[in-house]
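In my numbering, the protein residues as written are 1293 to 1582.
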């Protein structure tokens, strides 16, 4: 197969298979030849039994992963790309293309079956519209993962990798830091794609934690509090938590005071430790009240 980073090669390939871009799937194929090798190298781990790719596209990243890992499982939801992938990946015997939505797959069972209990590395050029759902699905599912290396919209990367307690942080920032240690790796310009998106991208790696950085009595309540805190981020924590959790303002104010927080504090100033302490305090206070 010729160079898949060559626009002329890609156009000929797509024309040969009568492929039409589906706008709803956010399809943008990489044409920068330096990006995929760097992503494959970034996600490599000697501990991993293989790689999981989400969104194979025409197979340019898939091929690099096949050169790097002993086994690759690659998800692609678009049926129209199956014959193209059969052609572009014909020379690789260590890849399995799964024509399915990863969000509707029992990924834990699949990884156990295919990798024999060894952890996996996830690598993906994620369509912008499914970035958050896919990342949270991977993090919350308790999967046996080494890392998650993804190319995402630059502004989203900035938010995910921001420090919890900084102006850029949000609910997803706190969740990502709870499950992983995020780091920005390198930027990818919009001109690196065909067709080019309207924004630049950033490749990030989420290094999965073996244990959370904070202890909480009730993890579900902890994340419920975080979501509520950022549901009205322009308001004070008293107001956003009261509205988001359905609690009297007096209850929230009492919990904030018990934790030593100012009454006018906003959610973006809380660290993970602050959220954990506040969640546990509200939980205890609720139990006392009940």
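Just so it is clear, CB atoms sit at the ideal spot from N, CA and C, and this is done for glycine as well.
Proximal residues to residue i (C-beta, below 7 angstroms), its chain only, five neighbours per side dropped
| i | result |
| --- | --- |
| residue 1354 | 1345, 1348, 1364, 1366, 1381 and 1387 |
| residue 1552 | none |
| residue 1501 | 1471, 1472 and 1473 |
| residue 1399 | 1433 and 1435 |
Proximity test, Cβ basis, 7 angstroms: residue i and chain D
| i | result |
| --- | --- |
| residue 1326 | Within the model displayed, chain D is absent; a lone protein chain is all it includes. |
Exposed unless 16 or more other CB atoms sit within 10 angstroms - verdict on residue i
| i | result |
| --- | --- |
| residue 1421 | exposed |
| residue 1393 | exposed |
| residue 1327 | buried |
| residue 1433 | exposed |
| residue 1417 | buried |
| residue 1555 | exposed |
| residue 1572 | buried |
| residue 1540 | exposed |
8 angstroms Cβ shell around residue i - same chain, five flanking residues per side excluded
| i | result |
| --- | --- |
| residue 1428 | 1464 and 1467 |
Beta-bridge pairing of residue i - partner residues as DSSP gives them
| i | result |
| --- | --- |
| residue 1486 | 1321 |
| residue 1415 | 1345 and 1441 |
| residue 1388 | 1365 |
Bounding residues of the beta strand (DSSP E) (the contiguous stretch that carries residue i)
| i | result |
| --- | --- |
| residue 1474 | 1472 to 1480 |
| residue 1498 | 1493 to 1500 |
Own chain partners of residue i with C-beta closer than 6 angstroms, once the 5 adjacent residues on each side are dropped
| i | result |
| --- | --- |
| residue 1560 | 1459 and 1461 |
| residue 1563 | 1456 and 1457 |
Range covered by the alpha helix (DSSP H) that runs through residue i
| i | result |
| --- | --- |
| residue 1536 | 1529 to 1537 |
| residue 1515 | 1511 to 1523 |
| residue 1436 | No alpha helix (DSSP H) holds residue 1436; DSSP gives it neither H nor E. |
| residue 1583 | For residue 1583 there is no data in the structure shown, the boundaries of the chain being 1293 and 1582. |
| residue 1375 | 1374 to 1380 |
At least 3 beta-carbon pairs within less than 8 angstroms: the stretch 1486 to 1505 vs the stretch 1454 to 1463: no
How do the stretch 1318 to 1325 and the stretch 1474 to 1485 stand: do at least 3 beta-carbon pairs fall below 8 angstroms, yes or no? yes
Can you find at least 3 beta carbon pairs, one from the stretch 1334 to 1345 and one from the stretch 1429 to 1446, that sit closer than 8 angstroms? yes
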